[in-house]
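Protein chains in written order, with the working numbering: chain A, 1 to 38; chain B, 1001 to 1239. For each residue, glycine too, the CB sits at the ideal point set by N, CA and C.
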């Protein structure tokens, strides 16, 4: 069995979820702190 | 910990730490994943699919460690009334849930070429799924009440009760027959070759730093929103 597609899928899932979490946390922090300082 | 109870002091520390945690986390995780994906040798038994270990195992460790930290934050909020403990609880729950989802999904993807199945209702997989549902339960309770303090109390209680599941996950591979292999890294030593252990350690450290960075960013966001709401309330009362 070719393991390549499984490895690729696992890394893409991780990248999407962890990357999405970090991007969401960063955007929320920037927006909340900007609104606090307005 | 009580030195950090001052929100201004916490804010200064969090602002200084966030970029370092993010930068170091990306560097370590990037290095660990690159070495694991490209340079580390394949496993003698599992072949190339062992490369999934470099994302699956750190996610598993962090979802368990994150849940313990969640329960400790809930305990600190109830016992010591630490003002940042509820904020930490609210910030940590979605981060832990994300890592639990990564663990479950990458485990399922790893299971197909290794075990011949995407899923099996055995002790390790089922108790890990329960951990993910516990995270979701905590998040749901945090949003279930208009009164924020009551929501944090209910969510904190579930977080503390849910720690019963942590030893079940840890020892499930010893208590029951399971497809999942037993732990390869123990206090007494590691069964993993250094050529695989080193990228795994780098990846785990990197993801741990990214976990901390995400929690810190979410705590900063919650504190900023609370401060803005307090200011709006004061203005409304003065008007």
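Taking CB distances under 8 Å as the criterion, tell me whether residue 1126 of chain B reaches chain A. By 1-based counting over the second chain, the position of residue 1126 of chain B is 126. Output row for residue 1126 of chain B: interface = no.
Assign residue 1122 of chain B to one of three DSSP states: helix, strand, or coil. In the second chain, counting from the first residue as 1, residue 1122 of chain B sits at position 122. Note: residue 1122 of chain B maps to coil in three-state DSSP.
Does residue 1043 of chain B come out as helix, strand or coil in the three-state DSSP assignment? As a working mapping, residue 1043 of chain B is identified with position 43 in the second chain. Correct three-state label for residue 1043 of chain B: strand.
Going by the beta-carbon positions, is the gap between residue 1014 of chain B and residue 1153 of chain B smaller than 8 Å? Here residue 1014 of chain B refers to the residue found at position 14 when the second chain is read from its first residue. Here residue 1153 of chain B refers to the residue found at position 153 when the second chain is read from its first residue. No, these two residues do not count as a Cβ contact at 8 Å.
If the criterion is Cβ atoms closer than 8 Å, does the pair residue 7 of chain A and residue 1048 of chain B meet it? On the first chain, residue 7 of chain A is found 7 positions in, with the first residue counted as 1. On the second chain, residue 1048 of chain B is found 48 positions in, with the first residue counted as 1. Yes; because the gap between Cβ atoms is below 8 Å, this pair is in contact.
Continuous alpha helix (DSSP H) stretch holding residue 1031 of chain B: start and end: Reading the second chain from its first residue, position 31 is the one you call residue 1031 of chain B. Taken as a continuous stretch (DSSP letters only), the alpha helix (DSSP H) holding residue 1031 of chain B covers 1007–1034.
Residue 1095 of chain B vs residue 1211 of chain B beta-carbon contact at 8 Å: Along the second chain, one-based indexing puts residue 1095 of chain B at 95. Along the second chain, one-based indexing puts residue 1211 of chain B at 211. Yes; because the gap between Cβ atoms is below 8 Å, this pair is in contact.
Beta-carbon neighbours of residue 1218 of chain B, restricted to chain A and to distances below 8 Å: In the second chain, residue 1218 of chain B corresponds to position 218, counting from 1. In chain order: 25, 28, 29.
Exposure of residue 1086 of chain B, with buried meaning 16 or more beta-carbon neighbours within 10 Å: For this step, residue 1086 of chain B is matched to residue 86 along the second chain. Result: buried.
Applying the criterion that 16 or more other CB atoms from any shown protein chain within 10 Å of the CB defines a buried residue, is residue 1164 of chain B buried or exposed? Here residue 1164 of chain B refers to the residue found at position 164 when the second chain is read from its first residue. So residue 1164 of chain B counts as exposed.
Between the stretch 1063–1074 of chain B and the stretch 1189–1199 of chain B, do at least 3 Cβ pairs fall closer than 8 Å? no
Please report the straight-line C-alpha distance between residue 1084 of chain B and residue 4 of chain A, rounded to a whole angstrom. Taking the second chain and counting its residues from 1, one reaches residue 1084 of chain B at position 84. Taking the first chain and counting its residues from 1, one reaches residue 4 of chain A at position 4. Cα to Cα, the separation comes out at about 45 Å.
Using the beta-carbon count (16 or more within 10 Å), is residue 18 of chain A buried or exposed? For the purposes of this step, residue 18 of chain A is taken as the residue at position 18 of the first chain. It is buried - the Cβ of residue 18 of chain A has at least 16 other Cβ atoms within 10 Å.
Cβ separation of residue 1059 of chain B and residue 1092 of chain B, assumed to be a contact under 8 Å, to the nearest whole Å: Here residue 1059 of chain B refers to the residue found at position 59 of the second chain. Here residue 1092 of chain B refers to the residue found at position 92 of the second chain. About 15 Å; that fails the 8 Å criterion.
Compare the Cα-Cα distances from residue 1202 of chain B to each of B:1023, B:1007, B:1031, B:1225 and report the closest residue. Counting from one through the second chain, the residue named residue 1202 of chain B turns up at place 202. The shortest Cα separation from residue 1202 of chain B among B:1023, B:1007, B:1031, B:1225 belongs to B:1031.
Cα separation between residue 1217 of chain B and residue 1149 of chain B? Taking the second chain and counting its residues from 1, one reaches residue 1217 of chain B at position 217. Taking the second chain and counting its residues from 1, one reaches residue 1149 of chain B at position 149. Roughly 21 Å separates the two Cα atoms.
Using the Cα positions of residue 1124 of chain B and residue 1038 of chain B, report the straight-line distance between them to the nearest angstrom. Here residue 1124 of chain B corresponds to residue number 124 of the second chain, with the count starting at 1. Here residue 1038 of chain B corresponds to residue number 38 of the second chain, with the count starting at 1. Computed Cα separation, rounded: 29 Å.
Counting C-beta neighbours from all protein chains within 10 Å, is the total for residue 34 of chain A 16 or more, i.e. buried, or is it exposed? Position 34 of the first chain, counted from the start, is the residue given in the question as residue 34 of chain A. Residue 34 of chain A should be labelled exposed.
Close Cβ partners of residue 1213 of chain B (< 7 Å) along its chain, the five nearest in sequence each way excluded: Residue numbering aside, residue 1213 of chain B sits at position 213 when the second chain is read from its first letter. Result list for residue 1213 of chain B: 1018, 1021, 1022, 1025, in chain order.
Taking the beta carbon of residue 1044 of chain B as the centre, do at least 16 other beta carbons fall within 10 Å, making it buried, or is it exposed? Position 44 of the second chain holds residue 1044 of chain B. So residue 1044 of chain B counts as exposed.
Leaving aside the five residues before and after residue 1155 of chain B along the sequence, list all residues of the same chain whose C-beta is less than 6 Å from its C-beta, in chain order. Taking the first residue of the second chain as position 1, residue 1155 of chain B is located at position 155. So the qualifying residues of the chain are 1138, 1141, 1142.
In chain order, what residues of the stretch 1037–1050 of chain B put their CB closer than 8 Å to some CB of chain A? 1037, 1047, 1048, 1049
Do you know whose CA, among B:1027, B:1161, B:1235, B:1104, lies nearest residue 1053 of chain B's CA? Taking the second chain and counting its residues from 1, one reaches residue 1053 of chain B at position 53. Checking every option, the nearest Cα to that of residue 1053 of chain B belongs to B:1104.
Can you list, in chain order, the stretches of the alpha helix (DSSP H) that have 4 or more residues and sit fully within the stretch 1086–1118 of chain B? none
With distances taken between CB atoms, is the gap from residue 1099 of chain B to residue 1209 of chain B smaller than 8 Å? In the second chain, counting from the first residue as 1, residue 1099 of chain B sits at position 99. In the second chain, counting from the first residue as 1, residue 1209 of chain B sits at position 209. No, the Cβ-Cβ distance between residue 1099 of chain B and residue 1209 of chain B is not below 8 Å.
Taking just the CA atoms, how far does residue 1114 of chain B sit from residue 1178 of chain B? Taking the first residue of the second chain as position 1, residue 1178 of chain B is located at position 178. Taking the first residue of the second chain as position 1, residue 1114 of chain B is located at position 114. Rounded to whole angstroms, residue 1178 of chain B to residue 1114 of chain B spans 14 Å at the Cα level.
Under 7 Å Cβ to Cβ from residue 1050 of chain B, same chain only, skipping five residues before and after it: list those, please. Residue 1050 of chain B sits at position 50 when you count from the first residue of the second chain. The answer, listed in chain order, is 1042, 1043.
By the criterion of Cβ-Cβ separation under 7 Å, what are the contact partners of residue 1102 of chain B in chain A? Within the second chain, the letter at position 102 stands for residue 1102 of chain B. Those are 13, 14, 17, 18, listed as they occur along chain A.
Rounded Cβ spacing between residue 1162 of chain B and residue 1134 of chain B (contact assumed at less than 8 Å): Along the second chain, read from residue 1 onward, the residue named residue 1162 of chain B stands at position 162. Along the second chain, read from residue 1 onward, the residue named residue 1134 of chain B stands at position 134. Rounded, the Cβ-Cβ distance is 4 Å, consistent with contact.
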